[in-house]
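Have a look at the structure below, then the notes.
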Amino acid sequence: MKRGECPNNATHFVDLARWAMKLDYPERTVSLGARGYYDDDWQWYDMQTCTWQFPGKNFITWEGQCAAKYPGSSPLTDWAGCILLGSAGAEFWGRKYEEGWELA
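Using our numbering, the letters of the sequence shown map in sequence onto residues 2 to 105.
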């Protein structure tokens with residue numbers, strides 16, 4: 002069974018969101034992945050999306066593209082971090098060398 006980047010890289014970002022939202026364990030998890038960029042011998046998906054549903058209708062979604070720097074990829078590939086969207090606005094936490102931002 003292929004698990005892709007969810008148990009590897011996603012856990013770091015999902016933990017940030019869980020801690021900020023004061024969430025424990027999810028009730029449901031859905032994941033979709035595919036090999037969409039190159040047909041090579043790499044074992045994992047090169048793009049994957051995972052969504053976790055937590056009690057109280059709280060959701061966390063992680064999206065990863067391992068071939069993100071290639072032509073036609075997402076314009077949001079030069080940073081990695083966590084965006085928290087809520088009824089009071091949004092916050093972004095980046096890596097320690099990236100500036101975050103807050104929307105009110």
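The beta-carbon is built from N, C-alpha and C at its ideal position, and this holds for glycine as well.
DSSP lists Gln-54 as the bridge partner or partners of Arg-29. Counting C-beta atoms within 10 angstroms of its own C-beta, Asp-47 has 16 or more neighbours from the protein chains shown and is therefore classed as buried. DSSP, read as helix, strand or coil, puts Ala-89 in coil. Following the DSSP letters along the chain, one finds Trp-20 in no beta strand (DSSP E) but inside the alpha helix (DSSP H) bounded by residues 12-22.
In this structure, Leu-24 and Phe-55 form a Cβ contact; the two beta carbons are roughly 5 Å apart against a cut-off of 8 Å. When Gly-57, Gln-49, Ser-88, Glu-92 are compared, the shortest CA-CA separation from Val-31 is found for Gln-49. Contact between Gly-65 and Asn-10 holds: their C-beta atoms lie close to 6 Å from each other, under 8 Å.
Under the 10 Å beta carbon count, Ala-18 is surrounded by 16 or more other beta carbons and is classified as buried.
Counting the other Cβ atoms within 10 Å of the Cβ of Trp-53 gives 16 or more, which makes it buried.
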